[in-house]
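Below: the structure, in structure tokens.
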Amino acid sequence: MAKPPNKVLLAGAGALVLLVVLAVGAFTVGPFGGGGIHQPIAFPHDVHAGTNQIPCMYCHTSADRSTAAGIPSMQVCAGCHIPGGVTMIAADSTGVKQLEAYWREQKPIPWVRIHNLPDHASFPHMRHVNAGVECQECHGPVETMVEVEQFSSLRMGWCIECHREREVRVDCFVCHY
Amino acid sequence: MSNGPNRREFLKVLGVTGAGAGLTGCGTGGAERLIPYVTPAEEIVPGTSTWYRTTCRECPAGCGMNIRTREGRAVKAEGNPLSPISHGRLCARGQASLHGLYDPDRVPRPLARKGEDDWNPVSWDDAERQLADQLQQNRGRTVLLSGNYTGTMDVLADQFAASLGIERLSWEPFGYEPLRAANRMVFGVDAVPVNDFRNADVVISFGADFLETWLSPVDYAHSWVQSHAYSQGRKGHMVWVGPHQSLTGLNADEWLPVRPGTEHLAALAIARLIADAGGNAGSAAATIANVDVANAAQRTGVSVDRFRQVARIFAANGRSLAVGPGVASTHAAATAVAAAVAILNQVAGNIGSTVRLENREEHAAGTASYADMQRLLQRMQQGEIGALLVHGPNPLYNMPENDVVEAALAAVPFIASFSPMLDETSSKAHLLLPDHHFLESWGDFVPRTGVTALVQPVMTPVFQSKQTGDVMLSVARRLNAPITTQANTYYDFLRERWARDIMPGSGIAGGFEDAWREALKVGYVQSTAPAAPATAAASTPDSAAGMLASMNVMEAAFTGEAGDDSYYLIAYPSYRFFDGRLANRAWLQELPDPISKFCWSSWVEINPATADRLRIDNGHIIEVTTSRGTMSLPAWRHPGTREDTIAIQMGQGHEGLGRYAHDRGVNVMRLLEPAADPLSGALVTAQLRATIHNTRKWERPIQAGLHSDQDGRQIARNITLEDARHRDEERGFALLPITAGPQVTPRGEHPVRAPGDYGRGVGVHVEPDVHPFDARVKNLQGSAGWSPTDVDASPMGWPPPGTHYGEYSEAQPRWAMAIDLERCIGCSACTTACYAENNIGIVGPEQVAKGRILHWIRIERYFEGEGENLETQFLPMMCQHCGTAPCEPVCPVYAAYHTPDGLNAQVYNRCVGTRYCANNCPYKVRVFNWYSYEWPEPLNWQLNPDVTVREKGVMEKCTFCVQRIRDAENTARLEDRGARDGEVTPACAQTCPGDALVFGNIKDPNSRVARVAASGRGYRVFEGINTQSAITYLKKVSIHAETASAPEAH
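Read top to bottom, the protein sequences are chains A and B.
Numbered by our numbering, the letters in the first sequence go through residues 13 to 189 in order.
Numbered by our numbering, the letters in the second sequence go through residues 39 to 1088 in order.
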């Protein structure tokens, strides 16, 4: 014989789902995603870009000449920290020790992507950098971030808003092809 | 009913409580990894392209190439503009070379035979040891069978062979033996001279398909178009002599459909007529004196008048060129054809001008003949060969006597193959040592006298293959064989030889290193060293004299029953697959054949009159029977075939090679008798009569573009020379330096043909004597209001001032194209280039037959008239980027819309797949993704990262390569300047061997596209329906066109 559905059970299941969603969200969603994601090496952008005032493009070298800003090669890390095979600059820190291990094995660090542009959109970094858009306008105050989080939504509305303000093209075919 | 909560209620509760779950939405999905370089390659900047120069090895022509790589992967092939062979262009085969590199069916690593179709992977060390052991045991009993190496590989192979007691045999299925034999007889030169089409105003081809496969097709097509296409009141002339028109034949102005086997009689008759009119016969005087023109006319089936007419044009011009025979016209008298062609050139005074004996196609010299191959097979069968090394040739596929080849291969105890593919021959091997693809290799190649082209790797090898040069060096070292080199690798060997032989004392400060880098940057070096001295006639002097004396009566015999249901069988080379070696390139299988528009299959070409008599329609399955066997294949009615002749293309019907080639169509070689021409040793391809039987079974042809008839719609139009000249004069020649492209050299003084040579009209086109841009038309404004307005109809003036369609502004360019139909040879290289550039999916034969092929640019091919008056028109058709595009207003989701810079855009992420746009497009250029098509690993490596890969349910079409437009805009902005004319070239225009497509901003009156579009020959397709298209076509100038008189009825 059919029983009426158990409302309490249903509500319980719903609440559980909500909890799971919120719990997962707390670790993965952040403001727009990326927050709370731990990188294989706890790379402190605040120390590098903040305290030590290293310009963004010292490491992300192609931001002004390529569509991609570029993830620095291991050689760039080693150039400062392990010049000539001798580990220096915060040599005792966990991060640099990890770096040393990767470098010794000549293995790349499998960084986790934080800024993930939606599919079917092209974004040329160089056009924006050369138009005088500061890195921080989209990426936020990276120089204060211990762990980088996604600062902007990277959604189309957000792009369009800025393009309208600056009176640059808002044509679909500029980005979607 | 179930006891638990039902689905609907569960969703309701979830809907209330789980509102946040949808937040992540699109974009920020699961964790993606960013893997940095450990040590970056100096030349790689992520997100930008790196280009490398190399040399195409898909066919023996040796075109210079530019390869675009992204993040270390080759993604696009283009011609090297500095190359004297490719002139910056490539054919479809060159474009598809990337499919060879990423072919999922490549032999991934060395394999040793375990059993029938069963292989054991072995290490390279093991494989080389096995090979060394076998070579040691079989000293003096080993043969190295290779393609034509030329250059350093030839030197290495010679040393390798000498030190290990190996006999060498280089063989190319298209070996041009008759040409070499005839040049030996007539000029004492065992070589094939370069043909100078650029300086030839009149060309007669006796079956040489020089626009497709013959010798050096990209150079020949490019050069021929320069001299042949209408320009500033002048136009060249071409005559095709032969029973069957291939693509080259379809491009001829005149067709002399001679009976098969009589081409030499036609050539001699023309030579005789020229000699009689005062031509200098020289040493051939005696041969010519024997020629009876009336008899030749009777035997060829061409009237004396036609011969007289052709002779007059050919001789009067002074700058003419006769070429032939081709592979398809290699009949038993092929050497006589070649000799007659040489004599004809001599009589017309072309030797030393358009034919220079010291400038040779080096890739066509020095190979063994088919008869030599037959002798090798015999020795193999007799057990004389202990080990056979195969690098390149695939005799089991390419030779007619497959039974003999199979038995011969079985009789050899050890066969090693260096083939990167498991083709018919290599699948009989005992050891596979896969060679690199040429885009992974070091090397050099000598296409022509004085040109040494470099081959350099453009990326790290895809598979665990090894370059054969390296294997040879390594094996020789294992056997302590005395190869005179210090080189450890083939790369070292190559540089050692270049330092010694190619660039000794290179004269560049910095010495060899600098010279080497410079050579790699350019792609080749040109030496001014004199050519090797002419080789004296070495063989068969008696038979040569005999042939020269008797060739005027010689006629090639065709064996097989003569009768009503028996037809001459022509087997002709494939533009797409060459001799069959490229049949596993999916892009080429899917490319509609330029002649028949068939894809993925074979077909038999039958004259429409014959077909009518036998009640054969396109798609009827026909049984073709010769003395060698029977084959079933679909029929295609080809008006460029004589009524007593049928033709089948080579290149299909593979039993091996890979997933795309396997079991597609038929291998026509299996229908041929293994007969060699006694004079040259060539395989006689035109030798048999075949019977055909209509099975009455019909299958939908796997054909893209079923229409050969324009039905009077005036899509591809033509014009008489007189009218073209008249119109240009009216508009002022100053407007029309239309060949002003950087790749075109200005032409010198040419005698202009008398107007009377044209105008034998059979065309049906009648049109007004008004250029479309000059017309004032009633127009509908854009979305601003649909009110009628009077506008100038030219694409330069579009959009009309005061309209508010989209967000047009004066500062925006209008991207547009001009297509000169005089310069389009129908080769379809543009189509393959578009596939490569724009990630177009391969849909496969079943979907093609359903009309679901995804090509964004297609070549429409139309026939008008018949027989000797057959006129073929080619027309590249792609999105016309209409000013008032019918597709745009019908899209319910605004996926199809107009951009401010004049493009008709398709936004994939908006498209929901209603397909209204395609239904409303009058040009039928929009294509729909019925499935998500896949690129089996590693073919996906080739995908262009700048272009979206579309999936199921999305409409797509030509974008004018918008990614290239944006890239040029980005570059211009980085350099703080405006865009320059010529900076943006879509993939189709870039590769066009004839330079038919011109792209640019038509609003700029100085742009090349604006100047070309202003030609008096300009028109737009379906002008009358007011689409305001951005593509201006220039009419073909044709002797079959009708003089304009009556106004066009619209």
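No residue lacks a Cβ here, since even glycine has one placed at the ideal position from N, Cα and C.
Note that the structure is predicted; figures quoted are calculated from it, not measured.
Residue-chain proximity (residue i, chain A), Cβ-Cβ < 8 Å
i	result
residue 852 of chain B	no
residue 679 of chain B	no
residue 286 of chain B	no
residue 77 of chain B	yes
residue 758 of chain B	no
residue 503 of chain B	no
Among the options, nearest to residue i - alpha-carbon criterion
i	options	result
residue 1096 of chain B	B/381, B/995, B/294 and B/399	Absent from the model: residue 1096 of chain B. The displayed extent of chain B is 39 to 1088, so no value can be given.
residue 172 of chain A	A/159, A/160 and A/186	A/186
residue 389 of chain B	B/322, B/169 and B/159	B/322
residue 684 of chain B	B/454, B/416, B/974 and B/297	B/297
residue 238 of chain B	B/273, B/874 and B/222	B/273
residue 74 of chain B	A/113, A/70, A/89 and A/167	A/89
residue 721 of chain B	B/412, B/452 and B/403	B/412
residue 595 of chain B	B/975, B/928, B/300 and B/218	B/300
Three-way DSSP call (helix, strand, coil) for residue i in this model
i	result
residue 655 of chain B	coil
residue 52 of chain A	coil
residue 148 of chain A	helix
residue 240 of chain B	strand
residue 705 of chain B	coil
residue 826 of chain B	At residue 826 of chain B the pLDDT is 48, less than 50, meaning the model places this residue with poor confidence and gives no usable figure here.
residue 859 of chain B	coil
residue 1081 of chain B	coil
residue 515 of chain B	helix
residue 322 of chain B	helix
residue 733 of chain B	strand
residue 136 of chain B	helix
residue 167 of chain A	coil
residue 1065 of chain B	coil
Within chain A, the residues that residue i reaches when beta carbons sit closer than 7 Å
i	result
residue 947 of chain B	132 and 188
residue 85 of chain B	74, 78, 79 and 80
residue 70 of chain B	125 and 128
residue 937 of chain B	183 and 185
residue 1008 of chain B	136, 138 and 139
Interface flag, residue i vs chain B, CB-CB below 8 Å
i	result
residue 170 of chain A	no
residue 139 of chain A	yes
residue 67 of chain A	no
residue 53 of chain A	no
residue 120 of chain A	yes
Chain A residues whose Cβ lies nearer than 8 Å to that of residue i
i	result
residue 1001 of chain B	134 and 189
residue 35 of chain B	Here chain B comprises residues numbered 39 to 1088, so residue 35 of chain B is not present and cannot be evaluated.
residue 985 of chain B	189
residue 1070 of chain B	Within chain A, no residue comes near residue 1070 of chain B; the closest Cβ sits about 22 Å away, beyond 8 Å.
Contact set between residue i and chain B, taken where Cβ atoms lie within less than 7 Å
i	result
residue 142 of chain A	1011 and 1012
Neighbouring residues, chain A, relative to residue i (Cβ below 9 Å)
i	result
residue 361 of chain B	In chain order: nothing, as chain A lies at least about 44 Å away.
residue 997 of chain B	185 and 189
Neighbour list for residue i in chain B, Cβ cutoff strictly below 9 Å
i	result
residue 85 of chain A	74, 75, 76, 77 and 78
Beta-carbon neighbours of residue i, restricted to chain B and to distances below 8 Å
i	result
residue 56 of chain A	Those do not exist, as residue 56 of chain A stays about 17 Å from chain B at its closest Cβ, beyond 8 Å.
residue 49 of chain A	69
Stretch pair the segment 740 to 751 of chain B + the segment 627 to 642 of chain B: three plus CB contacts closer than 8 Å
Verdict: yes, contact present.
Does the pairing of the segment 240 to 247 of chain B with the segment 357 to 375 of chain B give three or more beta-carbon distances under 8 Å?
At 8 Å Cβ cutoff, the stretches touch.
Quick check: the segment 1006 to 1023 of chain B against the segment 894 to 911 of chain B, are at least 3 beta-carbon pairs closer than 8 Å?
No, because fewer than three Cβ pairs between the segment 894 to 911 of chain B and the segment 1006 to 1023 of chain B fall closer than 8 Å, the two stretches do not touch.
Does the pairing of the segment 709 to 725 of chain B with the segment 482 to 492 of chain B give three or more beta-carbon distances under 8 Å?
In short, these stretches do not touch, since the Cβ pair count stays below three.
The segment 134 to 146 of chain A / the segment 79 to 89 of chain A touching (three or more Cβ pairs under 8 Å):
The segment 134 to 146 of chain A, when compared against the segment 79 to 89 of chain A, does touch it at the 8 Å Cβ threshold.
For the segment 608 to 622 of chain B and the segment 651 to 670 of chain B, state whether three or more C-beta atom pairs, one from each stretch, are separated by less than 8 Å.
Contact fails: fewer than three Cβ-Cβ distances are below 8 Å.
Taking one C-beta from the segment 599 to 616 of chain B and one from the segment 261 to 268 of chain B each time, how about it: are there three or more such pairs within less than 8 Å?
With a cut-off of 8 Å, the segment 261 to 268 of chain B and the segment 599 to 616 of chain B do not count as touching, because too few Cβ pairs lie within range.
Are the segment 884 to 904 of chain B and the segment 1055 to 1071 of chain B in contact at 8 Å, needing three or more beta carbon pairs?
By the Cβ criterion, the segment 884 to 904 of chain B is not in contact with the segment 1055 to 1071 of chain B, since fewer than three pairs of Cβ atoms, one from each stretch, lie closer than 8 Å.
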